[in-house]
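Protein chains in written order, with this note's numbering: chain A, -18 to 329; chain B, -18 to 329.
Number of protein chains: 2
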Amino acid sequence: MNKKKYQAKSGRRITAEVIAAQVGVSAMTVSRALNDRPNVDAKTKVRVLRAAKKLGYSPNHIARSLALRRTQTLGVVVPEISHSFFPEVIRGIEDAAYSAGYHLILTHSAEDASREQDAISTLESKRVDGLLISTAQTVKDNSKYRAVIRLGTPVVFFDRVVHNIGASCVSIDDEDCCIRLTEHLIGHGYKSIAHLSGPSTVSIGRGRLKGYKKALARNGMNFRPELVVQSGFHERGGYAAMESLLQLPVRLRPDAVVAVNDPAAFGAMKAIQEHKLRIPQDIAIVGMTDDVRAELVSSPLTTIRQPAYEIGKTAAETLISEIEGRSKPGQRITVRAELAVRKSCGCL
Amino acid sequence: MNKKKYQAKSGRRITAEVIAAQVGVSAMTVSRALNDRPNVDAKTKVRVLRAAKKLGYSPNHIARSLALRRTQTLGVVVPEISHSFFPEVIRGIEDAAYSAGYHLILTHSAEDASREQDAISTLESKRVDGLLISTAQTVKDNSKYRAVIRLGTPVVFFDRVVHNIGASCVSIDDEDCCIRLTEHLIGHGYKSIAHLSGPSTVSIGRGRLKGYKKALARNGMNFRPELVVQSGFHERGGYAAMESLLQLPVRLRPDAVVAVNDPAAFGAMKAIQEHKLRIPQDIAIVGMTDDVRAELVSSPLTTIRQPAYEIGKTAAETLISEIEGRSKPGQRITVRAELAVRKSCGCL
DNA sequence: TTGTACGCGTTATCAA
DNA sequence: TTGATAACGCGTACAA
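Next up, the structure:
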């Protein structure tokens, strides 16, 4: 009585075996027909496909992945999902993945290093074919990344990247962008320029600070350490950092501020306005991101237009091409970013 | 020479079998130790765990899922990811899923019915334990949803929901919210209120239109069909819809507008301003969402504060509890939404 | 407490 | 062109 074997067990989905029994062929032939393999008789194929459709067959990707040792899935780790930059990056990733026939498992680290490690471990367990990572703020060492890479899982970092550990990186040129912003202010005559900096644990924090310093040096301006305050990437931090700058004696106060990103700039603007100072007349400010809010705030924000969608799309394409062996890991890919000049820098 | 069997094959990850060989037990004992089963000798367990750690063992979720016929994964289908509402919903889903030990596969339909069907089919193939869906605009019939549900996969709709097909639904009370908005305008003396409506293919489009009509009826105001224009959910549509309203002879023009959501309202505001009309003095307007931009636009937008995070979290919790058999499908869950009064309605 | 045999649903391989 | 068999890596059920 092994007839049972060829029936759908109750509460279970149709398997290739069931279709095979219906059509009168083996499961293997069904597999071949369903996957468009060349060596199947045309008529057999038609019969199989018809039966599959009739029975509402849904191929089991899990079993397939186990057999092929390949999941057609990309793991994504972002530090946060709510603000405008990452959703747009994810949209880019999704589009590239969808076109190439890959799916996405999305995780977020909430800027927490240990949650990020968890996420990566989980994605490894799920045997994703590759990993797209934008690092969390609190990550102190790269051992987890190295371990994943050593075991052969392709990794591509985007936006917040980690160079020289064997993974490709996709981002804007943070240093150069920050030089452009700072020099834009210098060119318009500002003499005392502050920087609200990101955490030095992430690449964009370091790169942007470096750009700020370089721009000062190139233009023969003194670097004053008290004008660099850590703000982090959010409004609250930007507000607090600006507050502390405003505690300086008036003659030592900056006349312009380069914020590490737009949200930090928004927070800073709030602080400036609460002190009854005008933007840009009393203090000019520039950001970096081009958040949806940048053109709407009371003094529209001059910023760098970071091509989020393109970063995501490029990162995913790079990863997929590494997975499929068409390109080698360890590339540095830089996407172009434009300056968006508005009113907050005082030059309009 | 079956020694090979117990070594990690080259280029492959460590399996339970390899650990078993190292420790000198069977793979089954390893499985038990790793999964915290009661019936393992304490010392054996320690040795297994130590070996697993040393070897960098990463349990294969794929194989596990196949054996258990359960993936600990939720499939998510959203119509779009870029704008502010859905990312926040996804954050809520992610948090709830993470706490309950589930992972997320994220897909987006780009508002396209056939892409949505693809996404659902894929998620079925990946054997997700349940589905969270917010329907695409162009979906014309519910057969795909019904088919999934019939086969036993729990489905929870959120925001854009589908009632009475055996799935639970989580959303705000669209009709009631729209009544409140409309009556807010009526209460402030507006006499000729227009509605920029969403597509009638999705629940929120229909519900909000219904609320608008009910509010008029309750307050003895005439319903004028020419004052309802389809705008869709985006700025562009809002702009176009408002443009068409502004073509009406001046005496027939609305003095207030209820937009189906905030983006549509922003588009409409642009049109109003291009006609050199003032908001709210010439035309008042209200939206629904509480987009990040709502308080920043030139005339801050009165709107309904839609608790996106909570909708996501509740939807995921509901789904998980159905998956785990702790609650029954087909519930209607309504989350509270507050009115956020700003200047665009003219009552401040 | 531990091990053996088998199933989960698919695909690669090799023989027919 | 087709089929039988054996993986893929883990868990259940039962036996030892």
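Each residue gets a CB set at the ideal place from its N, CA and C atoms; glycine is no exception.
Please read these numbers as outputs of a predicted model, since none were measured by experiment.
query: Spatially closest choice to A:Pro261 from A:Ala196, A:Val278, A:Asp271, by CA coordinates; result: A:Val278
query: Sub-7 Å separation of B:Ile86 and B:Thr54 beta-carbons; result: yes
query: Reference A:Ala128; option with closest CA among B:Lys35, B:Gln211, B:Val239; result: B:Lys35
query: Three-way DSSP call (helix, strand, coil) for A:Val57 in this model; result: strand
query: Closest residue to B:Asn200 among B:Gly170, B:His215, B:Gly219 (Cα-Cα distance); result: B:Gly170
query: Touching by the beta-carbon criterion (3+ pairs, under 8 Å), the stretch 283 to 297 of chain A and the stretch 212 to 220 of chain A; result: no
query: 7 Å Cβ shell around B:Arg147 - same chain, five flanking residues per side excluded; result: Note on residue identity: the sequence assigns Gly, not Arg, to residue 147 of chain B. Correct list, in chain order: Ile130, Pro310, Gly311.
query: Three-state class that DSSP yields for B:Arg(-7) in the structure shown; result: coil
query: Own chain residues within Cβ distance below 7 Å of A:Ile153, not counting five before or after; result: Gln287, Thr315, Val316, Ala318
query: Between the CA atoms of A:Arg(-6) and B:Leu132 - distance to the nearest angstrom; result: 8 Å
query: Interface flag, B:Arg31 vs chain A, CB-CB below 7 Å; result: no
query: Residues that A:His89 contacts on chain B, provided the C-beta gap is smaller than 7 Å; result: Glu75
query: Min CB distance A:Leu85 to chain B below 7 Å; result: yes
query: Beta-bridge pairing of B:Phe247 - partner residues as DSSP gives them; result: In DSSP, B:Phe247 forms no bridge with anything.
query: Opposing strand residues paired with B:Cys150 [DSSP bridges]; result: B:Phe138, B:Arg313
query: B:Ile260 - DSSP class collapsed to helix/strand/coil; result: coil
query: Cutoff 7 Å: B:Pro288 Cβ touching any chain A Cβ; result: no
query: Reduced DSSP category for A:Leu47 - H, G, I as helix; E, B as strand; rest coil; result: helix
query: Where the stretch 119 to 134 of chain B meets chain A: residues whose CB sits under 8 Å from a CB there; result: Ala128, Leu132, Gly133
query: Pair within 7 Å by beta-carbon distance, B:Leu197 and B:Val210; result: no
query: B:Val29 CB to nearest heavy atom of the ligand COA below 6 Å; result: Among the ligands in the structure shown, none appear at all, so the ligand COA cannot be discussed.
query: CB of B:Leu208 within 7 Å of CB of B:Ala175, strictly; result: yes
query: Whole-number beta carbon distance between B:Gly188 and B:Glu156, since they are thought to touch under 8 Å; result: 5 Å
query: B:Arg96 beta carbon less than 7 Å from that of B:Leu320; result: no
query: Test item: CB-CB of B:Asp93 and B:Thr119 under 7 Å; result: yes
query: Residue burial classification, B:Arg259 (beta-carbon count within 10 angstroms, cutoff 16); result: exposed
query: Three CB pairs or more closer than 8 Å across the stretch 104 to 119 of chain B and the stretch 48 to 63 of chain B; result: yes
query: Contact check, B:Ser326 vs B:Ala265, beta carbons under 7 Å; result: Sequence check: residue 326 of chain B is Cys here, not Ser. Yes, the pair counts as a contact, with Cβ atoms nearer than the cut-off.
query: Straight-line gap, B:Ile301 to B:Ile74 (C-alpha atoms, nearest Å); result: 11 Å
query: Alpha-carbon spacing of B:Ala77 relative to B:Pro68, whole angstroms; result: 14 Å
query: Among A:Val70, A:Tyr79, A:Ile62, the one whose alpha carbon lies nearest that of B:Ile71; result: A:Ile62
query: CA nearest to the CA of A:Glu(-2), picked from A:Pro180, A:Thr88, A:Arg50, A:Tyr38; result: A:Tyr38
query: Beta-carbon proximity check, B:Gly179 vs B:Gly186, cutoff 7 Å; result: yes
query: Any chain B beta carbon closer than 7 Å to A:Ile301; result: no
query: Residue interval of the alpha helix (DSSP H) (run including A:Ile62); result: First-last for A:Ile62: undefined, no H or E at that position.
query: Within 7 Å, strictly: CB atoms of B:Leu47 and A:Leu47; result: yes
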